[in-house]
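Reading through the structure tokens given below for one structure.
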Amino acid sequence: MKLFTANLVKRSYLCLVQRISTNIEKLLLFNDCVIVPEFGGFVLQMHPAAYVSSDHMFSPPSKDIVFNPTLNYNDGLLSESYMHTYGMDFNEAQAALKTDVDSLKKELDENGIVLLGSIGGFRKNNEALIFEPSTAVT
3 MKLFTANLVK RSYLCLVQRI STNIEKLLLF NDCVIVPEFG GFVLQMHPAA
53 YVSSDHMFSP PSKDIVFNPT LNYNDGLLSE SYMHTYGMDF NEAQAALKTD
103 VDSLKKELDE NGIVLLGSIG GFRKNNEALI FEPSTAVT
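All you need for my numbering is the position in the sequence shown, starting with 1, plus 2.
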């Protein structure tokens, strides 16, 4: 019974991490920055198209995603996404987002790694938080 309960708790954490990553992915389609309150911000860096003369080719425009842990205030963008996606009012969205962020942090503390869908993943190296963007995000 204890193993069953542990598996349910683990699934619960994974569902909450999935919920936050889905909303971040959606918001990054239309915004250059998405801040996760009390965690950090994901920022898209644009790279324009360029001509590579040695190959006689153009490289298309692309985007890189970076993580900035100092961008951790609540700008309301992610909460608003929760409101629209899940039919919540502002207070419910704020509470759900806090629960999801707490789950994300707990997952990192317990396992040292967490994956956020197509965004990338985090791992802890001692106490340092390292973001590794997905290669699919360009």
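All C-beta atoms, glycine included, are put in the ideal place defined by N, C-alpha and C.
Values in this document were obtained by computation on a predicted structure and should not be read as measured data.
In the three-state reduction of the DSSP assignment, L73 falls in the coil class. The alpha carbon of N33 has as its nearest neighbour, out of F44, E40, P39, the alpha carbon of F44. Note that the C-beta distance between N76 and I121 is not below 9 angstroms. In the structure shown, the three-state DSSP call for F92 is helix. In the DSSP annotation of this structure, the continuous segment of the beta strand (DSSP E) that includes A52 starts and ends at 52 to 54. Using a 10 angstroms sphere on the CB of P63, the tally of other CB atoms stays under 16, which defines it as exposed. Close CB contacts of A98 within its chain, under the 6 angstroms cut and outside five residues either way in sequence, are with Y84 (chain order). In this structure L30 touches L46 by the C-beta definition: roughly 6 angstroms separates them, less than 8 angstroms. Taken through DSSP and simplified to helix, strand or coil, D104 comes out as helix. Residue pairing by DSSP puts E134 in a beta bridge opposite G123.
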